[in-house]
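A.B. asks:
Now the structure itself:
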């Protein structure tokens, strides 16, 4: 087995990148993801990787450089956060539309305005429809493991789509936790050699990327991307099974925590799920059947599997660390779709929490579970969508 | 508290949260001094800021109207503002080198091209110091930074006879100056000229960052050493020697020589309207 160390989330992700040893990386600093590329740049400077590192003048250029390098036939990575991802938005669609398996750690941070540097999921959720695979990570270990697996998932012949691996800014990116690295050769064997498809450097077989496609064929392109997305689920599970063999750590499409017989269920992404688990344990000791679903694969969203996992729940509280202002939180919309399209009609509430890095405390979980209990007893929902820990 | 800080800034923002020894406050003071000497009041100025050290430390500091732009976009926002504001209102932007000369360069060039009446103070700490000290577009060649451990070797906008100020001049800027924080009243005079110019003015002001630049390039956070390091590489225009990195003074003064952006638009829109009415 690998080395056990105490490192930050950013360090862990940078270490995974060192082991992946991509052909090209583009870098532009933005808090809180800067440290990922900063550490990776030192691996480049120290000759520990073979990567060509290009420092660019904006995140738009960073993703553009990645697309260029991917078109040439390279294994390509970059990292960003918040406004950086927002500025990349145009190019995110280009990367997915051209089917380049670029892999990018996204250190989740709130979007301006007002400017805020702390963690929430508004950046990742804002790029939900960009055609990227999105994996979310509770802690540094999961971010490290997800990044390595993302290479295999993105590059799979049935997929060939870009992937972002999300973790919470500061809460995970800058916190030191104990975790385990895999040995270099194990990672190298696991990800395998990069096999470019239709690279521009194959001058015997010229290809054109991204030409004008009008109404006659545009929908077919999008349909193909959707089909590729539908293949992701199986690939994620296959890759996870193989990954478990080398690491001993099991992954699925989501984590179901004490969910089997749960009458009350919480759905929470990333680090806050860890906080909720402890509180759930306390309630379970009191005999209250409450559980947690922590999604891992958010795009494509595994509707059927999620609905099955939540099938015993009579009341579900979906917590969102991002908001679709004027609508429900993005996770609530997915869970709601998953339940209703699979014939279930649980009572559901949506709580928006932790925006701009607002602390998410165990008492917030207590508050939500108590409300779910009350709804189960009375059948009454007072407020469908509400905010946790906010001044009124 | 400093009398200018009291007159023009929000008391709770002074002192700023800048690191100990940071030179940004000196630049900020020079801007306030210029405003004071021009007899301008709080209500005469709208202040815009960007991202990074320069943006963060001056954001929300001005007592009057102000706005925070996203990284590199503040020039585009300010041009929109210029069109809507009465011409006697001044717009001052305090931004950083990464903002102006990197991510926002395209917008900056178009603000210069259109000769929009803005005074841009580019507070240059020689790279991306807010994110830990990566080299940028004005980092002196050979400098050790977080991302250039063997010395910065990339061509940038201050090397190999490329000067961002000359680019801006040719783009149409009507007032351009360069200073270092230690220039005192000379810098104040340039800022005054910039504010007086009814057109695009830019004052490039290098300032010391002991925390990230100093600690890596000089191996010390000693403020005095870094101030000396910068000062020894700065000389007034015409007095440069082989060590000079920053020749200081007014680079280009074509104040009030070209039509100003918003006046030009207003004038032409009026002309077209009159024509249509006839």
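Protein chains in written order, with the numbering used here: chain P, 143 to 534; chain R, 793 to 1070. All C-beta atoms, glycine included, are put in the ideal place defined by N, C-alpha and C.
(1) Tell me, please, whether the region 195-208 of chain P touches the region 166-182 of chain P by the rule of three or more beta-carbon pairs shorter than 8 Å.
(2) Compare the beta carbon distance of residue 249 of chain P and residue 289 of chain P with 9 Å and say whether it is the shorter of the two.
(3) Among P:298, P:443, P:256, P:509, which residue has its Cα nearest to the Cα of residue 842 of chain R?
(4) For residue 923 of chain R, would you say it is in contact with chain P, using Cβ-to-Cβ distances shorter than 9 Å as the test?
(5) Quick check on residue 371 of chain P: does DSSP put it in helix, strand or coil?
(6) Alpha carbons only, please: which of R:1033, R:1067, R:863, R:995 is nearest the one belonging to residue 966 of chain R?
(7) Just checking my contact of residue 273 of chain P with residue 239 of chain P at CB under 8 Å: how many whole Å lie between their CB atoms?
(8) Along chain P, which residues have their Cβ under 9 Å away from the Cβ of residue 1003 of chain R?
(9) With 9 Å as the threshold, decide whether the Cβ of residue 187 of chain P is near any Cβ in chain R.
(10) At a CB distance below 8 Å, what residues from the region 953-978 of chain R approach chain P? Give them in sequence order.
(11) Should residue 168 of chain P be flagged as near chain R, meaning a C-beta pair shorter than 9 Å?
(12) Determine, for residue 872 of chain R, whether the minimum Cβ-Cβ distance to residues of chain P falls below 9 Å.
(13) Based on Cα-Cα distance, which residue from R:903, R:963, R:972, R:814 lies nearest to residue 1039 of chain R?
(14) Which one of P:155, P:236, P:286 has the shortest CA to CA distance from residue 367 of chain P?
(15) Where does residue 947 of chain R land, buried or exposed, given buried means 16+ other C-beta within 10 angstroms?
(16) Contact between the region 404-415 of chain P and the region 424-438 of chain P: three or more CB pairs below 8 Å?
(17) DSSP state of residue 150 of chain P, grouped into three classes?
(18) Taking only the alpha-carbon atoms, compute the straight-line gap between residue 912 of chain R and residue 377 of chain P and give it to the nearest angstrom.
(19) Which residues, taken in chain order from the region 146-174 of chain P, show a beta carbon closer than 9 Å to some beta carbon of chain R?
(20) Rounded to whole angstroms, what is the Cα-Cα separation between residue 816 of chain R and residue 254 of chain P?
(21) Under 9 Å between beta-carbons, which chain P residues line up against residue 941 of chain R? List them in chain order, please.
(22) Check whether the Cβ atoms of residue 1047 of chain R and residue 993 of chain R lie closer than 9 Å to each other.
(23) Name, going along the chain, the residues of the region 193-214 of chain P whose beta-carbon falls closer than 7 Å to a beta-carbon of chain R.
(24) Between the region 901-925 of chain R and chain P, which residues of the former have CB atoms less than 7 Å from a CB of the latter, in chain order?
(25) For the beta strand (DSSP E) that residue 320 of chain P lies in, which residues bound it at each end?
(26) Per DSSP, residue 487 of chain P is paired with what?
(27) By the DSSP assignment, the alpha helix (DSSP H) with residue 504 of chain P in it spans what residues?
(28) I want to see whether chain P comes within less than 9 Å of residue 927 of chain R, judged by CB atoms only; does it?
(29) Just checking, does the region 275-286 of chain P make contact with the region 329-343 of chain P on the three C-beta pairs under 8 Å criterion?
(30) Contact check, residue 504 of chain P vs residue 432 of chain P under 8 Å by CB: the rounded distance?
(31) Would you mind sorting residue 361 of chain P into buried or exposed? The rule is 16 or more other CB atoms within 10 Å of its CB.
(32) Closer than 8 Å is the cut-off here; do at least three beta carbon pairs connect the region 1014-1023 of chain R with the region 850-863 of chain R?
(33) Let me see if you follow: with CB-CB separation under 9 Å, is residue 229 of chain P close to chain R or not?
(34) For a test of the three-state rule: what should DSSP assign to residue 820 of chain R, helix, strand or coil?
C.D. replies: Concretely, from the data shown:
(1) yes
(2) no
(3) P:256
(4) yes
(5) Note: residue 371 of chain P maps to helix in three-state DSSP.
(6) R:995
(7) 7 Å
(8) Within chain P, no residue comes near residue 1003 of chain R; the closest Cβ sits about 15 Å away, beyond 9 Å.
(9) yes
(10) Nothing from the region 953-978 of chain R brings a Cβ to less than 8 Å from some Cβ of chain P.
(11) no
(12) no
(13) R:972
(14) Among P:155, P:236, P:286, the Cα nearest to that of residue 367 of chain P is on P:236.
(15) exposed
(16) Note that the region 404-415 of chain P touches the region 424-438 of chain P; at least 3 beta-carbon pairs, one per stretch, sit closer than 8 Å.
(17) strand
(18) 52 Å
(19) 169, 170, 171, 172, 173
(20) 24 Å
(21) Neighbours of residue 941 of chain R in chain P, taken as residues whose beta carbon is under 9 Å from its own, are 183, 184, 187, 188 in chain order.
(22) yes
(23) 197, 199, 200
(24) 920, 923, 924
(25) Per DSSP, the continuous beta strand (DSSP E) segment holding residue 320 of chain P begins and ends at 318-323.
(26) Note: residue 487 of chain P sits in no beta bridge, so no partner.
(27) 504-520
(28) For residue 927 of chain R, the answer is yes, since a Cβ of chain P falls inside 9 Å of its Cβ.
(29) no
(30) So it is not a contact: roughly 14 Å between Cβ atoms.
(31) exposed
(32) no
(33) yes
(34) helix
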